[in-house]
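Report on the following structure.
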Amino acid sequence: MDFKNILKSTEFGIFVAFLALCTILSFATPNFLSVYNISTVMKQVSFIAIMSVGMTMVILTAGIDLSVGAVLGLVNVLAALFIIKFGLAPGLSMALICGASLGFVNGIIIVKWDLPPFIVTLGMMNIARGLALLITKGSPITGIPECFGCLAEGRLIGVPVPVIIMIIIYILGYLFLSRTIWGRYIYAAGGNEKATWLSGVNVNKIKVLVYTITGFLSGLAGIMLVSRLSQGSPIAGTGYELSVIGAVVIGGTDLMGGKGSVLGSLIGASIMGVLANGLVLIGVSAFWQQVILGLVIIIAVAGGSMRRKLFSKGES
Amino acid sequence: MKKKNADKYILKLENISKAFPGVKALNKINFNLRKGEIHSLVGENGAGKSTLLKILSGAYKKDEGTITLEGSKVEMTDPKQALDMGISVIYQEFNLIPNLSIAENIFMGRTPCKNSGFIDFQKLYQEAEFFLKKIGMKKSAKTLVSELSVAEQQMVEIAKSLSFSAKIIVMDEPTSALTESEKETLFNIIRELKEKEVSIIFISHIIEEVLEISDRITVLRDGNYVGTVNAKDTNPKGIVQMMVGRELKDFYSKKEVKKGKVVLEVKNLTKKSKYENISFQLHEGEVLGFAGLVGSGRAQVMRGIFGIETPDSGEILIKGKKVKTHSLFETIKMKMGFVPEDRRAEGLILSRSVKDNINITKLSHINSHGFVKQKDEEKIANEYCKRLKIRTPDNKQIVQNLSGGNQQKIVIAKWLAINPKILILDDPTRGIDVGSKNEIYSLINNLAKEKIGIILISSELPEILNISDRILVMREGKITGELGRKEATQEKIMQLAALKN
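Written as structure tokens, this is what we have:
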């Protein structure tokens with residue numbers, strides 16, 4: 000990719016917007032650029048950002064997954080239970096498997112019954128949240144061994160562990176999408192599902208795969224949240240699905256499928272995190288924050304759509 | 000014609016021309032219509048019938064020529080205007096909303112309302128019943144359209160046309176989905192409309208029924224006006240002659256290839272109401288042409304063989320081995336490739352690069368532990384770009400930005416990448432320029448030399464005559480004949496494709 004292509008890329012456009020936002024905030028409030036604040040923001044961003052990797056893949060296939068927040072919640076509860084009952088390592092693995100399984104079930108129902116992903120994952124969202132509440136009878140599970148807290152609160156060479164996990168997931172996600180055959184198939188299926196199938200690609204398998212990955216990553220975020228809060232909360236992750244979808248969409252991934260990248264989603268998640276943090280520092284009320292965040296999502300998507308129109312005019 | 004004004008034309012089209020980028024769709028067409036006349040428009044696929052129809056309905060704008068309606072010149076700018084002038088078009092695909100009643104469909108967009116703004120159902124049903132009675136339809140106007148048969152839906156369309164007080168009704172292939180008795184009913188309605196001085200433009204490719212129903216017949220060929228004849232002065236063979244008299248010039252000259260062993264054998268392949276008892280053999284190095292009109296089932300047969308739509312019964316053998324699952328995963332593994340008719344919808348991922356599109360069939364072979372061998376990917380893309388002379392700045396170019404001919408070459412390239420033994424090409428030169436067409440012909444010839452068995456579906460008779468070793472003709476889901484390269488002529492093919500024996 001030469002320099003001109005980088006300038007033309009969607010990711011670059013969003014990155015410029017992100018830098019502009021950071022610049023404005025650093026002038027508006029001196030605290031913004033402090034090491035402490037930046038590390039806090041990154042830690043907060045990491046949860047949404049990790050789930051966004053999976054969501055990017057789902058949206059690339061022209062799907063959607065509304066169940067990520069609820070899956071996070073259920074795995075969060077299960078992880079707490081399993082750790083207390085079976086010990087740290089077995090408990091964590093079991094919880095991760097549960098997350099992946101929930102995603103797998105999403106995928107299987109979508110392809111076997113040929114149902115819209117929106118509906119299936121909406122159903123799963125309610126089921127998973129309901130199960131989490133049932134298991135806990137509505138109150139958080141406590142009594143997690145203290146050593147586990149280091150997963151969320153610890154640091155490696157000064158960087159918070161969740162941020163390191165996030166970076167690893169992004170590197171893996173990037174390699175998966177850009178270097179493996181499955182990544183190629185994901186883009187192909189999102190670009191033209193029928194043509195991809197007619198080329199002999201088992202599109203159904205690809206779809207199941209992306210929902211499974213998303214379930215797994217939601218589970219991972221759920222485990223990290225156990226560590227951060229030292230408890231398993233049945234309401235953890237409520238509303239996260241919208242933040243995750245928002246991050247992916249701000250990152251320039253096309254809801255129609257076939258176009259986008261995890262890099263964009265990382266910047267998207269960062270914009271949302273920085274914006275929320277900055278507004279708090281400036282002293283904007285939480286209610287206004289919501290309004291502004293909503294506006295940002297709409298403006299980002301409108302901007303992307305205008306770019307697309309401009310480009311397709313220039314090229315055809 | 001007893002009436003005095005019988006010879007007065009209600010509609011006159013003169014020198015109508017229309018060009019699309021790269022194609023002249025209509026070239027100085029003349030067509031006129033008398034009051035109370037049934038005038039048919041016939042021609043091969045791509046002759047320009049639908050383009051003319053769309054100009055008449057206001058969906059397309061003509062480039063040149065004049066339209067005279069009842070003595071005054073008119074310009075059609077949109078479908079609504081054409082309707083206001085009394086021209087109503089009934090398309091092959093009906094414009095009905097299944098979950099609304101007959102009456103609501105007839106008066107869609109102009110439902111009678113009370114002063115309060117609520118729908119005046121009494122008036123709605125009354126008026127609808129009036130038009131239904133006019134065409135002898137016995138159903139209640141309250142019946143939902145989804146409960147009607149295709150023929151009944153068509154009658155609703157006709158009633159709708161009448162409710163606009165249409166003076167001219169254009170019917171595009173109205174009989175294609177009807178049974179024999181439903182067709183008779185339709186013809187009776189058409190004759191009654193004629194009595195009421197409504198003029199009908201009837202489009203069909205079934206020549207017998209055109210002769211049966213029409214007063215006059217106008218033939219188009221490749222966007223040109225061939226002539227207009229009185230139905231009683233001609234016969235099926237005469238019409239076929241007019242339809243096919245295309246010159247064979249500037250064509251690729253085929254080089255003979257020795258045919259080898261049987262590579263594909265199809266036995267009694269049947270899919271209900273699509274095709275039945277299709278049996279044939281394809282040899283190595285052979286180009287087998289499949290001719291037939293649109294709707295003859297040739298494309299469905301190929302989709303059945305490749306495994307897109309599973310056939311109900313019958314056997315397919317590839318190099319003597321039986322295809323078990325009838326899925327395309329299996330046939331592709333057995334080295335069959337399929338170039339679909341609609342390359343943009345089914346052949347290409349338009350938003351991806353040339354490289355990605357060519358390699359999509361190949362990725363499962365060029366990876367280690369799932370990681371794409373990018374050097375191989377690059378090599379394969381470059382190799383086929385060179386071999387098929389795909390004109391693109393580089394292999395990273397987005398396919399959407401390439402010309403139709405180059406896009407089609409990419410679809411072919413992705414199948415060549417799997418070293419196919421059988422390649423099915425469904426109308427591969429549709430909508431591409433002459434230069435690319437010739438390149439594709441020579442490519443087909445070269446592939447035959449490499450012992451690939453090729454099935455070619457084409458709507459253009461000269462094309463199929465020029466590059467096929469053998470031609471099978473289909474009509475209404477059945478193979479109606481087989482012609483060798485030497486004996487085949489346009490007339491023979493058209494007779495097998497369009498006429499009942």
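Here the protein sequences line up with chains W and X, keeping their order.
So in numbering that gives the first Met the number 0 the end of the first sequence lands on 315, straight run, no missing numbers.
So in numbering that gives the first Met the number 0 the end of the second sequence lands on 500, straight run, no missing numbers.
Note that CB positions come from ideal geometry on N, CA and C, so glycine has one too.
Answer with yes or no whether the minimum CB distance from residue 520 of chain X to chain W is below 8 Å.
For chain X, the structure presents residues 0 to 500; residue 520 of chain X sits outside this window and is missing.
Who are the neighbours of residue 197 of chain W on chain X, taking C-beta pairs under 9 Å?
Here the question's residue 197 of chain W lines up with position 198 in the first sequence. Those within 9 Å of residue 197 of chain W in chain X are 305, 307, 327, 337, 339, 345, 346.
Just the chain X side, please: which residues come within less than 8 Å of residue 187 of chain W by C-beta, in chain order?
As a first step, residue 187 of chain W must be located in the first sequence, where it is residue number 188. Per Cβ cutoff of 8 Å: 348, 351, 355, 359.
For residue 262 of chain W, I'd like the list of residues in its chain whose CB is within less than 6 Å of its CB, leaving aside the five on either flank, ordered along the chain.
Against the first sequence, residue 262 of chain W aligns to sequence position 263. Answer for residue 262 of chain W: 10, listed in chain order.
Rounded to whole angstroms, what's the CA-CA distance from residue 143 of chain W to residue 257 of chain W? Just pull it up for me.
If you number the first sequence from 1, residue 143 of chain W lands on position 144. If you number the first sequence from 1, residue 257 of chain W lands on position 258. If I take the Cα positions, the gap works out to 42 Å.
Which of the three DSSP states is assigned to residue 176 of chain X in this structure?
What you label residue 176 of chain X is simply residue 177 of the second sequence in a count that begins at 1. Note: residue 176 of chain X maps to coil in three-state DSSP.
Do the CB positions of residue 417 of chain X and residue 359 of chain X come within less than 8 Å of each other?
The sequence position of residue 417 of chain X within the second sequence is 418, counting from 1. The sequence position of residue 359 of chain X within the second sequence is 360, counting from 1. No, these two residues do not count as a Cβ contact at 8 Å.
For residue 69 of chain X, which of X/31, X/397, X/40 has the nearest alpha-carbon?
The count along the second sequence starts at 1 and reaches residue 69 of chain X at position 70. Among X/31, X/397, X/40, the Cα nearest to that of residue 69 of chain X belongs to X/31.
Give me, in chain order, the residues of the same chain whose beta-carbon lies closer than 6 Å to that of residue 46 of chain W; leave out the 5 immediate sequence neighbours on both sides.
Position 47 of the first sequence, counted from the start, is the residue given in the question as residue 46 of chain W. Closer than 6 Å at the Cβ level, and outside the excluded window around residue 46 of chain W, lie 220.
Just reading off the beta strand (DSSP E) that residue 335 of chain X is part of, what are its end residues?
Reading the second sequence from its first residue, position 336 is the one you call residue 335 of chain X. It spans 335-338 - the beta strand (DSSP E) in which residue 335 of chain X sits, taken as one unbroken run.
Checking the sheet assignment: what are the DSSP bridge partners for residue 159 of chain W?
Locating residue 159 of chain W in the first sequence gives position 160, where the first residue counts as 1. Its beta-bridge partners are W/154.
Are there 16 or more other CB atoms within 10 angstroms of the CB of residue 248 of chain X, so buried, or fewer, so exposed?
Counting from one through the second sequence, the residue named residue 248 of chain X turns up at place 249. Caution applies to residue 248 of chain X, whose pLDDT of 49 falls short of 50 and renders its modelled position unreliable; the value that the coordinates give is listed next. It counts as exposed.
Please classify residue 130 of chain X as buried or exposed, where buried requires at least 16 other C-beta atoms within 10 Å of its C-beta.
Translated into positions along the second sequence, residue 130 of chain X becomes position 131. So residue 130 of chain X counts as buried.
Under a three-way DSSP split, which group does residue 197 of chain X fall into?
Working through the second sequence from its first residue, we reach residue 197 of chain X at position 198. In the three-state reduction of the DSSP assignment, residue 197 of chain X falls in the coil class, being assigned neither a helical nor a strand state.
Taking Cβ positions only, does residue 505 of chain X come closer than 8 Å to chain W?
This structure gives no information on residue 505 of chain X, because the portion of chain X shown stretches from 0 to 500.
May I ask you to report which of helix, strand or coil DSSP gives residue 142 of chain X?
What you label residue 142 of chain X is simply residue 143 of the second sequence in a count that begins at 1. If DSSP states are grouped into helix, strand and coil, residue 142 of chain X belongs with coil.
If we ignore side chains and look at the alpha-carbon of each, how far apart do residue 351 of chain X and residue 67 of chain W end up?
Indexing the second sequence from 1 puts residue 351 of chain X at position 352. Indexing the first sequence from 1 puts residue 67 of chain W at position 68. Those two C-alpha atoms are separated by around 29 Å.
Leaving out five residues before and five after residue 264 of chain W in sequence, what residues of the same chain have Cβ atoms less than 8 Å from its Cβ?
Taking the first sequence and counting its residues from 1, one reaches residue 264 of chain W at position 265. Cβ neighbours of residue 264 of chain W beyond the five flanking positions: 48, 51, 52, 54, 55, 246, 247, 250, 252.
Ignore the nearest five residues each way along the sequence and tell me which others in residue 41 of chain W's own chain have a CB closer than 6 Å to its CB.
Taking the first residue of the first sequence as position 1, residue 41 of chain W is located at position 42. Once the five neighbours on either side are set aside, the close Cβ partners of residue 41 of chain W are 162.
Are the CB atoms of residue 234 of chain W and residue 72 of chain W within a distance shorter than 8 Å?
Numbered from 1 along the first sequence, position 73 holds the residue referred to as residue 72 of chain W. Numbered from 1 along the first sequence, position 235 holds the residue referred to as residue 234 of chain W. Taking 8 Å as the Cβ cut-off, residue 72 of chain W and residue 234 of chain W qualify as a contacting pair.
Quick check on the burial criterion: 16 or more other C-beta atoms within 10 angstroms. Buried or exposed for residue 239 of chain X?
Counting from 1 along the second sequence, the entry for residue 239 of chain X is found at position 240. Counting Cβ neighbours within 10 Å, residue 239 of chain X comes out buried, since at least 16 surround it.
Classify residue 71 of chain X as buried or exposed, calling it buried when 16 or more other Cβ atoms lie within 10 Å of its own Cβ.
The sequence position of residue 71 of chain X within the second sequence is 72, counting from 1. It is exposed - the Cβ of residue 71 of chain X has fewer than 16 other Cβ atoms within 10 Å.
Whose Cβ in chain X lies nearer than 7 Å to the Cβ of residue 180 of chain W?
Stepping through the first sequence from its first residue, residue 180 of chain W is reached at position 181. Near residue 180 of chain W (Cβ distances below 7 Å), the residues of chain X are 362, 363, 366, 369, 371.
Can you find a CB in chain X that lies within less than 8 Å of the CB of residue 313 of chain W?
Looking up residue 313 of chain W in the first sequence gives position 314. Bear in mind that the predicted position of residue 313 of chain W carries a pLDDT of just 41, short of 50, making it too unreliable to give a figure here.
Spatial neighbours of residue 3 of chain X within its chain, please: C-beta separation below 7 Å, excluding the five flanking residues on both sides.
Here the question's residue 3 of chain X lines up with position 4 in the second sequence. Here residue 3 of chain X scores only 44 on pLDDT, less than 50, and its place in the model should not be relied on; the value that follows carries that caveat. So the list is empty, once near-sequence residues are dropped.
Looking only at its own chain, which residues have a Cβ that is under 7 Å from the Cβ of residue 329 of chain X, when we skip the five neighbours before and after it?
Within the second sequence, residue 329 of chain X is the residue found at index 330, counting from 1. Here the set comprises 306, 322, 323.
Alpha carbon to alpha carbon, how far is residue 25 of chain X from residue 51 of chain X? Give it in angstroms, no decimals.
The count along the second sequence starts at 1 and reaches residue 51 of chain X at position 52. The count along the second sequence starts at 1 and reaches residue 25 of chain X at position 26. Whole-angstrom Cα-Cα distance: 7 Å.
Should residue 115 of chain W and residue 232 of chain W be called a contact, given that it needs their Cβ atoms to be closer than 8 Å?
Translated into positions along the first sequence, residue 115 of chain W becomes position 116. Translated into positions along the first sequence, residue 232 of chain W becomes position 233. Contact flag unset, no.
Counting C-beta neighbours from all protein chains within 10 Å, is the total for residue 384 of chain X 16 or more, i.e. buried, or is it exposed?
In the second sequence, residue 384 of chain X corresponds to position 385, counting from 1. Buried is the call here.
Would you check if the stretch 109-116 of chain X and the stretch 75-92 of chain X touch, i.e. whether three or more CB-CB distances between them fall below 8 Å?
no
With a cut-off of 8 Å, does the C-beta of residue 30 of chain W fall near any C-beta of chain X?
The count along the first sequence starts at 1 and reaches residue 30 of chain W at position 31. So, not an interface residue.
Helix, strand or coil for residue 18 of chain W, going by three-state DSSP, please let me know.
Here residue 18 of chain W is taken as the residue at index 19 of the first sequence, counted from 1. Residue 18 of chain W carries a helical assignment under DSSP once its states are collapsed to helix, strand and coil.
According to the neighbour-count rule (16 or more other Cβ atoms, all chains shown, within 10 Å of its Cβ), is residue 26 of chain W buried or exposed?
Looking up residue 26 of chain W in the first sequence gives position 27. When all chains shown are included, residue 26 of chain W counts as exposed.
What residue does the alpha helix (DSSP H) around residue 128 of chain W start on, and which one ends it?
Stepping through the first sequence from its first residue, residue 128 of chain W is reached at position 129. Counting along the chain, the alpha helix (DSSP H) containing residue 128 of chain W begins and ends at 116-135.
In terms of residues, what are the limits of the beta strand (DSSP E) holding residue 280 of chain X?
Mapped onto the second sequence, residue 280 of chain X falls at position 281. 274-282 is the extent of the beta strand (DSSP E) around residue 280 of chain X.
Give the secondary structure of residue 308 of chain W by DSSP, where H, G and I count as helix, E and B as strand, and everything else as coil.
Here the question's residue 308 of chain W lines up with position 309 in the first sequence. Helix at residue 308 of chain W.
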